[in-house]
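Okay, so here's the structure we're looking at.
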Amino acid sequence: MKVSVSNEFCQGHAQCHAKAPEVYELDDEGFIGAVARLDVPPGLEEAARLGAAACPERVLAPVD
């Protein structure tokens, strides 16, 4: 599974990281960073979905 990231719209709320810190790493300023797509490690798919759903800006979109 992958997660598409529209990082230019990230506002630094860090809700993705709060729900799934093992999937969503933030930069030093609390933003998702300059990635366009994240590879989700096996077994963390549900955490990735929860983190994406927590984003108030809808920056993250899981892609199966």
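Every position in the sequence shown, counted from 1, becomes a number in the numbering used here once 9 is added.
Cβ atoms here follow ideal geometry from the backbone N, Cα and C, with glycine treated the same way.
- By the Cβ-count criterion, Q24 is buried, with 16 or more other Cβ atoms from all chains shown falling within 10 Å of its own Cβ.
- Take D36, set aside five residues on each side of it, and the residues of its chain with a beta-carbon closer than 7 Å to its own are G42, in chain order.
- Shown here for F40: same chain residues with a beta carbon closer than 6 Å to its own, the five before and five after excluded, namely C19 and G21 in chain order.
- Just so you know, the alpha carbons of V49 and M10 end up roughly 6 Å apart.
- Pairing G60 with A29, the inter-Cα distance amounts to about 5 Å.
- A distance of 8 Å or more separates the beta carbons of A62 and V12.
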